[in-house]
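J.:
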Amino acid sequence: MAKDKVAYVCSHCGQESSKWLGKCPSCGQWNTFKEIRVSRDTGGESARSAAAGVRQSLEGGIHPQRLRDISAVDSPRIDTGDSELNRVLGGGIVPGSLILLGGEPGIGKSTLTLQTILRMRERKVLYVSGEESAHQLKLRSMRIPHEESDNVLILCETSLEKIFSHIRDVVPELVIVDSIQTISTEDVESSPGSVSQVRECASALLRFSKSSNIPVILIGHINKEGTLAGPKILEHIVDTVIQFEGDQHYMYRILRSIKNRFGSTSELGIYEMRQDGLRAVSNPSELLLTQDHEGLSGVAITAAIEGVRPFLVETQALVSTAAYGTPQRSSTGFDQRRLNMLLAVLEKRVGFKLMQKDVFLNIAGGLRVTDLATDLSVIAAVLSSNVDTSIEPGWCMAGEVGLSGEVRPVSRIESRIREAEKLGFAHLILPRYNMQGLDAGRYNIQLHPVRKVEEALRELFG
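If you want our numbering, it's the 1-based position in the sequence shown plus 967.
1) DSSP puts residue 1282 in a beta bridge; with which residues?
2) Who are residue 1296's beta bridge partners in DSSP?
3) In chain order, what residues of the same chain lie with their CB nearer than 8 Å to the CB of residue 1002, ignoring the 5 residues before and after it?
4) Between the stretch 1101-1116 and the stretch 1229-1236, do three or more beta carbon pairs fall short of 8 Å?
5) Could you check whether residue 1309 and residue 1346 sit closer than 8 Å to each other, using their CB atoms as the reference points?
6) Taking the alpha-carbon positions, what's the residue 1030 to residue 1147 distance?
7) Pull up the distance between the alpha-carbon of residue 1009 and that of residue 1172, whole angstroms please.
8) With distances taken from CA atoms, which of 1374, 1359, 1221, 1404 is nearest residue 1071?
9) With distance defined between alpha-carbon atoms, name the residue in 1081, 989, 1395, 1128 nearest to residue 1431.
10) How would you write the range of the alpha helix (DSSP H) that residue 1109 sits in, first residue to last?
11) Return the chain-ordered list of same chain residues with a C-beta closer than 6 Å to the C-beta of residue 1383, the five sequence neighbours on each side being excluded.
12) Quick one: what's got a C-beta closer than 8 Å to residue 1288's C-beta in the same chain, skipping five residues either side?
13) If I follow the unbroken beta strand (DSSP E) through residue 1247, where does it start and stop?
14) So, is residue 1332 buried or exposed, given that buried needs 16 or more other C-beta atoms within 10 angstroms?
15) Does the distance from the C-beta atom of residue 1390 to that of residue 1353 stay below 8 Å?
16) Identify every run of the alpha helix (DSSP H) within the stretch 1129-1204, keeping only runs that are complete inside it and at least 4 residues long; order them along the chain.
17) Pull up the distance between the alpha-carbon of residue 1406 and that of residue 1399, whole angstroms please.
18) For the stretch 1068-1083 against the stretch 1109-1116, do three or more pairs of beta-carbon atoms, one drawn from each stretch, fall closer than 8 Å, so that the two count as touching?
19) Does DSSP put residue 1091 in a helix, in a strand, or in coil?
20) What is the DSSP secondary structure of residue 1000, counted as helix, strand or coil?
21) Under DSSP, the beta strand (DSSP E) around residue 1207 begins and ends at which residues?
22) Taking 7 Å as the limit between beta carbons, can you name the residues of its chain near residue 1342, skipping five residues before and five after?
23) Excluding five sequence neighbours on each side, which residues of the same chain lie with their C-beta closer than 6 Å to the C-beta of residue 1014?
24) Since residue 1346 is in the alpha helix (DSSP H), which residue starts that stretch and which ends it?
25) Out of 1161, 1142, 1293, which one is the CA nearest neighbour of residue 1064?
26) Tell me residue 990's beta-bridge partners as DSSP assigns them.
27) Helix, strand or coil for residue 1417 per DSSP?
28) Could you check what DSSP says for residue 1019 in three-state terms: helix, strand or coil?
29) Please check the pair residue 1062 and residue 1042, which I expect to be a contact at CB under 8 Å, by giving their CB distance rounded to whole angstroms.
30) Tell me, to the nearest whole angstrom, how far the beta carbon of residue 1396 is from that of residue 1417; I am working on the premise that it is less than 8 Å.
31) So, helix, strand or coil for residue 1277, using DSSP?
32) Below 6 Å CB to CB, which residues in the same chain sit around residue 1438 once its five sequence neighbours on both sides are set aside?
33) Compare the C-alpha of residue 1120 against each of 1149, 1089, 1150 and name the closest.
34) Can the beta-carbon of residue 1204 be found less than 8 Å from the beta-carbon of residue 1170?
35) Express the C-alpha separation of residue 999 and residue 1291 in angstroms, rounding to a whole number.
36) Let me make sure I understand the geometry here. Which of 1313, 1338, 1350, 1123 has the alpha-carbon closest to that of residue 1372?
Have a look at this one:
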């Protein structure tokens, strides 16, 4: 009788090895190889599955097709009843797809999926929970306003074999697994959440979704490094990876698409966490701007773009004399290294000495902005706080700042202009290069093209 095979898998990239290695030869990470035990029957099952596939192809079930003969018509998607979730998924859930929803503990993953399936009253949904009891899920659903439906079924189970048994009996149209780290299979002799268990369970659920054309949504946890827990191969197996981001101390949440085989990864969904669940935010600009900041220094408005959605964000800065020998540099929602670079540009190219001063930067609303067009508003907010002079109401800006102090062009400038115009802003500072081919007369907002940082500051402060 053959013994079980022992292999080692990199938890970062999924590279396999017959022996333990300190450094992964594929991704270069250290101490990421985990031991897994492969069942003695795994190879035989794979061979039998391959043989069955060959027999099916010989019988005419599966055969090679010419590329020109394959239909390009998209299959009808399943409407989730949530406009933000539909946008991130590319129009809805594709039948037979495997979706991975990741996020930190307590961010609202289970609330988002539960309130989504409560809206899908016409479809039979099986919610498999390995973390919460049925009573806890009932209490959670009572906080979410919805109409009672007989199509939502709750199953509290962690055995993969028993889950498939219930699926055969129920025949649902959508399966939710919360979470994939709690599910285990009898074919693998390791604890739930290990590399081998997560990989085998995800592979089994993938085969089920593709063969039955029933979509499956997996909920996954985030580790301390901020990446999805489990092996990296988990992200390769699934069709779509969406991540729920945000700070538990703020009310805004961002749903971001990291991988999508059926749509764009540029889409973004914004939610507001409330007592009765998550509310989709259709116009985030109005919520991310404070009602009145007239007379307050250190506040600048930027026309940013996250994904494909333009919205206006409030940048706040505080500059004070350093109480100790080493000045502090702190940023929330903005890259710390880029802040240091912009402060160096402000000191070298503009002439403002900030070497002996503390600088604190914050993006209002708890959002994390990665758009490079925020550079100009960061410099304006820092200078406004340094000289203790407020920026006049009605001004916003967008522009990337280079090391030589030039204002570099940004993408999708027309979308930024329309968003600022819609919210009633009267002045917009933008890179001069973006004025090429742009008809300024079409907009009811005054455009101020600039080439260098000094010109932008002169427009703001005179």
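Each residue gets a CB set at the ideal place from its N, CA and C atoms; glycine is no exception.
T.: Walking through what the data contain:
1) As a beta-bridge residue in DSSP terms, residue 1282 pairs with 1267, 1330.
2) 1326, per the DSSP bridge assignment.
3) 973, 974, 975, 987
4) Contact check between the stretch 1101-1116 and the stretch 1229-1236: fewer than three CB pairs, one atom from each, fall below 8 Å, which does not count as touching.
5) yes
6) 34 Å
7) Because the pLDDT of residue 1009 is 43, which lies under 50, any placement of that residue in the model is unreliable, and the question is left without a value.
8) When only C-alpha atoms are compared, the closest one is 1221.
9) An answer regarding residue 1431 cannot be provided, because it is not within the stretch 968 to 1429 covered by the chain.
10) 1101-1109
11) 1270, 1277, 1365
12) Sequence-distant partners of residue 1288 (beyond 5 residues in either direction) whose C-beta falls short of 8 Å from its own C-beta, in its chain, are 1323, 1324, 1325.
13) Residues 1244-1247.
14) With 16 or more Cβ atoms within 10 Å of its Cβ, residue 1332 is classed as buried.
15) no
16) DSSP runs (the alpha helix (DSSP H)) wholly in the stretch 1129-1204: 1162-1179, 1200-1204.
17) Counting only the Cα atoms, residue 1399 lies some 13 Å from residue 1406.
18) yes
19) coil
20) strand
21) 1207-1213
22) Counting only Cβ-Cβ distances below 7 Å, and skipping sequence neighbours, we find 1309, 1366, 1367, 1368.
23) Confidence in residue 1014 is poor, its pLDDT being 33 and thus under 50, which makes the residue's placement unreliable; the coordinate value appears in the next sentence. Excluding residues within five positions, none has a Cβ falling inside 6 Å.
24) 1342-1354
25) Residue 1142 is the option with its Cα nearest to residue 1064.
26) 997, per the DSSP bridge assignment.
27) strand
28) With a pLDDT of only 44 at residue 1019, under 50, the local geometry of the prediction cannot be trusted, and the value read off the model is given with reservation. The answer is helix: DSSP assigns residue 1019 an H, G or I state.
29) 6 Å
30) Here residue 1396 really is in contact with residue 1417; their C-beta atoms are around 6 Å apart, less than 8 Å.
31) strand
32) As shown, the chain starts at 968 and ends at 1429. That puts residue 1438 outside it, with no answer to give.
33) The candidate whose alpha carbon is nearest that of residue 1120 is 1089.
34) yes
35) For residue 1291 and residue 999, the distance between alpha carbons rounds to 41 Å.
36) Residue 1313 is the option with its Cα nearest to residue 1372.
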